[in-house]
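What the sequence shown shows, in full-length UniProt numbering, is residues 1 to 205, in sequence order. Just so you know, even glycine gets a beta-carbon here, dropped at the ideal spot from N, CA and C. Remember, predicted model here, so these are calculated numbers, not experimental data.
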Amino acid sequence: MTEGLREKKMRVARRGMEEAAVGIAYEEGVRAVTVDRICEAAMVSRSTFFNYFPSLEHAIFGSALVYDPVLTERILGAHRDDLVIAASRIVMETVRGQGGDELMRKRFALFAREPGTTTTVSWAAGTSRAGLQDVIENWLDAHPASARLADADHATEARMIVNFSITLGDEVMRLVGEDGGDFPFDPAVFRRVRERMRALSVPAR
Numbered sequence: 001m002t003e004g005l006r007e008k009k010m011r012v013a014r015r016g017m018e019e020a021a022v023g024i025a026y027e028e029g030v031r032a033v034t035v036d037r038i039c040e041a042a043m044v045s046r047s048t049f050f051n052y053f054p055s056l057e058h059a060i061f062g063s064a065l066v067y068d069p070v071l072t073e074r075i076l077g078a079h080r081d082d083l084v085i086a087a088s089r090i091v092m093e094t095v096r097g098q099g100g101d102e103l104m105r106k107r108f109a110l111f112a113r114e115p116g117t118t119t120t121v122s123w124a125a126g127t128s129r130a131g132l133q134d135v136i137e138n139w140l141d142a143h144p145a146s147a148r149l150a151d152a153d154h155a156t157e158a159r160m161i162v163n164f165s166i167t168l169g170d171e172v173m174r175l176v177g178e179d180g181g182d183f184p185f186d187p188a189v190f191r192r193v194r195e196r197m198r199a200l201s202v203p204a205r
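Right, dumping it as structure tokens:
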């Protein structure tokens with residue numbers, strides 16, 4: 001269906017506000033972003049901003065993540081022996097997006113530069129987490145041999161996997177920092193952080 005003039009104007013306006021929000025955060029840090037600064041840069045009113053976004057964080061970090069079934073199946077299949085790493089990689093690759101979109105590149109760089117920020121303040125973090133739990137739960141239903149917990153259902157295991165993956169992803173980002181948006185997903189970095197998590201999870205003897 002051909003995009004109408006009204007739809008095009010709305011898309012362009014939304015994109016302009018997102019680019020302003022992400023641009024300020026990228027150059028000066030997330031704390032420097034305000035609604036007034038976004039409106040000034042995008043040449044819109046405050047009422048227009050709130051017609052498009054329910055919060056400042058929404059403009060900076062975007063909507064809740066939508067997970068591509070092809071991508072999730074590929075990553076889960078490749079890391080069926082460690083679904084915590086799989087879950088972290090699903091989120092990172094989904095955030096980074098595909099292709100050379102500059103907005104997505106800068107958003108991904110923000111996650112690398114300020115790990116943990118989106119988990120704490122993004123309005124969509126809970127929705128994104130719940131969606132990832134559903135992805136993992138459904139995958140475990142289809143591949144029960146990959147489940148690790150004999151005393152728990154797949155929904156419980158998926159929730160625990162995602163909670164661990166958030167910590168793993170934050171620590172990986174702290175180690176690698178910003179790399180211009182072309183994140184290499186080095187398995188050695190994930191394994192290094194995973195071993196640290198494993199060491200801390202075992203009581204000292």
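Notebook entry, point to check: So, do the region 157-167 and the region 76-85 have three or more beta carbon pairs nearer to each other than 8 Å?
Noted result: yes
Margin query: Restricting to Cα atoms, I'd like to know which of Ile75, Val66, Met43 and Arg31 is closest to Ile60.
Written below: Arg31
Check: CA-CA distance, Asp186 and Glu40?
Finding: 40 Å
Next item on the list: For Phe190, count neighbouring C-beta atoms within 10 Å of its own C-beta (all shown protein chains included) and say buried if the count is 16 or more, exposed if not.
Entry: buried
Check: Whole-angstrom Cβ separation of Leu132 and Val91, contact assumed at under 8 Å?
Finding: 7 Å
Check: Where does Ala20 land, buried or exposed, given buried means 16+ other C-beta within 10 angstroms?
Finding: buried
Notebook entry, point to check: Between Arg74 and Asp153, what straight-line distance do the alpha-carbon atoms span, to the nearest angstrom?
Noted result: 23 Å
Check: Hey, which unbroken runs of the alpha helix (DSSP H) at 4 residues or more fall wholly within the region 121-172?
Finding: 125-142
Next item on the list: Assign Arg14 to one of three DSSP states: helix, strand, or coil.
Entry: helix
Notebook entry, point to check: Taking buried to mean at least 16 other C-beta atoms within 10 Å of its own C-beta, is Arg148 buried or exposed?
Noted result: exposed
Next item on the list: Please report the Cβ distance between Glu137 and Ala155, rounded to the nearest whole angstrom; I am assuming they are in contact, meaning their Cβ atoms lie under 8 Å.
Entry: 5 Å
Notebook entry, point to check: Below 9 Å between beta carbons: does that hold for residue 216 and Lys106?
Noted result: Nothing about residue 216 can be read from this structure; the chain reaches only from 1 to 205.
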